[in-house]
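**Student:** Here our numbering is used: position 208 in the sequence shown is 208, and no number is missing along the way.
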Amino acid sequence: MKEFLHILAAENRKNWFKKSSIIMLVIFLAAYLAISVIFLAADDETSDEIMSRMSGYPMYFAFYTQDKYSDLCDINRIASQKHDVEIARQRVGNLDEDNSLIEKYNTRSEYNVEKRALAVMQYEIDNGIESSDMTKAAIFSQLSLSVFSKIAVVGTIIVAAAAISSNTAAALARPAKRGKLLTCKFISVLLYGLFMYVLGLIFTFLLGGLLFGFDGFDYVFVEALGTETAFAASAIPFTLIKAALSFSQVILFISIVFLTYCLFNSPVLAAGMPLLLYFASGFIAQITALLDIYSSKYLIFFNLDLSSFLSVGPSSHPQLTIGVSAIVMAVHFVVFMALSYILYIKRNLTASGSFGGSSAAAAENEAAQTQSAI
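Have a look at this one:
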């Protein structure tokens, strides 16, 4: 255990003070400085427009009130206004009782959106929650979560690529310890990603309160959890829950980075391929979903972020639930990390940390440097 903690401390010092780590933190701080300046300088109308476009929540509300969508279901125009869940249920129907009802909708995703909206409405009525406009602080919390989660994921991918490809001296002299070294690298990168999330949450609540008033965090979110259930939480706990679910993508992408490097022995590919997957997964998922293949829901493109399920809006795959997605993510993670450990332990490492042959002299020299660093 003592040796493990020494290696972990050395990896933390090495990773956290790399140029890439510092640059991502600077970008993170610059983003929030820019957000602060924009909202301080903007008038109320401009501020509302910015948050509406960036947070996505008012866009969902606008989606419900589109004329073409109202022709298919009157839940937004009739049931929501009258707060009558029975009217909504008559329009939405029950897919379990009559599969033909789905023909009213353009896609199964649209049907699921209506079912989620119905679940939210039922929850509000059962618990006496009055529908109200979102406060600016509440909208800002979701905007900020979207911003810092993206920066944190990108930063973690870059740091993970640098960590896995960095000097692996502690494993050179005694290959049996490579598994322990890889574990330390994983934990070190994970701590960096966690730090970014914690920092983002601090800025979210601090800036949101200072800019728009801390009382705005009293707003209660009522969100769907699947197509049949809903839950309620005020802005702060809801944002914390959503951030915790969003952090799942950080864990998964670290495993993808590690496996990519172990397969291709390239730090550029180790960072580039996961970044491509992160930014292109939404588009790929949309195209794949059009094929309406049941088994496609198990593909990684649809299972990168559990926080996407906490919304009335359409999920990444119409047949996915948060439970199934969590299991799929866990399976992918275990497989990716298992393959990474196998490749990392069995293949030779050079003194620079890359795969290939290495001389005994280089190994001894590198091991001596690591021991002195520890």
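Beta carbons are placed, not taken as given, at the ideal position from N, Cα and C, and that holds for glycine.
Which term fits Lys136, buried or exposed, when burial requires 16 or more other beta carbons within 10 angstroms of its beta carbon?
**Tutor:** Burial call: buried.
**Student:** In whole angstroms, give me the CA-to-CA distance for Phe203 and Ala152.
**Tutor:** Straight-line Cα distance between these residues: approximately 13 angstroms.
**Student:** DSSP on Phe17, reduced to helix/strand/coil?
**Tutor:** Looking at Phe17 - three-state DSSP - the assignment turns out to be coil, as it is neither helix nor strand.
**Student:** According to DSSP, is Ala224 helix, strand or coil?
**Tutor:** Residue state, collapsed to three classes: strand.
**Student:** Would you mind working out which of Ser296, Lys346, Ser311 and Tyr123 sits nearest Val328, comparing C-alpha positions?
**Tutor:** It is Ser296 whose Cα lies nearest to the Cα of Val328.
**Student:** Tell me, which residues are paired with Ser234 by DSSP?
**Tutor:** Its beta-bridge partners are Val220.
**Student:** Pick from Ala117, Ile157 and Glu114: whose alpha carbon is nearest that of Leu269?
**Tutor:** Out of Ala117, Ile157 and Glu114, Ile157 has the C-alpha closest to the C-alpha of Leu269.
**Student:** Assign Cys73 to one of three DSSP states: helix, strand, or coil.
**Tutor:** Unreliable positioning characterises Cys73 in this predicted model, as indicated by a pLDDT of 40, which lies under 50. The coordinate reading is nonetheless provided below. DSSP places Cys73 in coil when its eight states are reduced to three.
**Student:** Find out if the Cβ-Cβ distance for the pair Val257, Ile164 is shorter than 8 angstroms.
**Tutor:** Yes, Cβ-Cβ distance for Val257 and Ile164 is below 8 angstroms.
**Student:** Just verifying my parser: in three-state terms, what is the DSSP assignment at Asp48?
**Tutor:** Here Asp48 sits in helix by DSSP.
**Student:** With 16 as the cutoff for other CB atoms within 10 Å, does Glu3 come out buried or exposed?
**Tutor:** That one is exposed.
**Student:** For Ile27, tell me which candidate among Leu240, Arg13 and Gly200 has the shortest Cα-Cα distance.
**Tutor:** The shortest C-alpha separation from Ile27 is found at Gly200.
**Student:** Using three-state DSSP, classify Met134 as helix, strand or coil.
**Tutor:** The answer is coil: DSSP assigns Met134 none of H, G, I, E or B.
**Student:** Taking just the CA atoms, how far does Ala280 sit from Ile287?
**Tutor:** Rounded to the nearest angstrom, the two C-alpha atoms are 11 angstroms apart.
**Student:** Does the Cβ of Phe336 have 16 or more other Cβ atoms within 10 Å, making it buried, or fewer, making it exposed?
**Tutor:** Burial call: buried.
**Student:** Please work out which residues of its chain come closer than 6 angstroms, Cβ to Cβ, to Glu11, disregarding the five sequence neighbours upstream and downstream, and give them in chain order.
**Tutor:** Only Cys184, Lys185 and Ser188 meet the Cβ criterion.
**Student:** When we look at the beta-carbon of Pro237 and count the other beta-carbons within 10 Å, is it buried (16 or more) or exposed?
**Tutor:** Exposed is the call here.
**Student:** Buried or exposed: where does Thr239 fall if 16 or more other Cβ atoms within 10 Å of its Cβ makes it buried?
**Tutor:** With 16 or more other Cβ atoms within 10 Å, it is buried.
**Student:** With 16 as the cutoff for other CB atoms within 10 Å, does Lys115 come out buried or exposed?
**Tutor:** Buried: at least 16 other Cβ atoms inside 10 Å.
**Student:** Would you say the stretch 205-213 touches the stretch 32-40, given that touching needs at least three Cβ pairs under 8 angstroms?
**Tutor:** Cβ pair count under 8 angstroms is three or more, so yes.
**Student:** Closest to Leu8 by C-alpha separation, out of Gly128, Leu191, Lys19 and Phe231, would be which residue?
**Tutor:** Selected option, being the one with the closest Cα: Leu191.
**Student:** For a test of the three-state rule: what should DSSP assign to Thr229, helix, strand or coil?
**Tutor:** Coil, per DSSP.
**Student:** Grouping DSSP H, G and I as helix and E and B as strand, with all else coil, what is His317?
**Tutor:** Residue state, collapsed to three classes: coil.
**Student:** Got a sec, what are the start and stop residues for the alpha helix (DSSP H) Ala42 sits in?
**Tutor:** Per DSSP, Ala42 belongs to no alpha helix (DSSP H) and is neither H nor E.
**Student:** Check the C-beta distance from Val222 over to Ala232 and give it rounded, since I have them as a contact under 8 angstroms.
**Tutor:** With a Cβ gap of about 5 angstroms, Val222 and Ala232 count as contacting.
**Student:** What are the uninterrupted segments assigned as beta strand (DSSP E) that are 3 or more residues long and contained completely in the stretch 260-285, given in chain order?
**Tutor:** Runs found: none.
**Student:** Report buried or exposed for Phe205, applying the criterion of at least 16 other Cβ atoms within 10 angstroms of its Cβ.
**Tutor:** Phe205 should be labelled buried.
**Student:** Any idea what DSSP makes of Met299, helix, strand or coil?
**Tutor:** Looking at the sequence shown, residue 299 is not Met but Leu. Correct three-state label for Leu299: coil.
**Student:** Suppose you measure from the CA of Leu194 to the CA of Ser20; what does that come to, to the nearest Å?
**Tutor:** For Leu194 and Ser20, the distance between alpha carbons rounds to 16 angstroms.
**Student:** Starting from Ser188 and walking both ways along the alpha helix (DSSP H), at which residues does that stretch end?
**Tutor:** Taken as a continuous stretch (DSSP letters only), the alpha helix (DSSP H) holding Ser188 covers Arg178 to Phe212.
**Student:** Helix, strand or coil for Leu25 per DSSP?
**Tutor:** Leu25: helix per DSSP, three-state reduction.
**Student:** Looking at the structure shown, is Asn12 part of a helix, part of a strand, or coil, going by DSSP?
**Tutor:** In this structure, Asn12 counts as helix in the three-state DSSP scheme.
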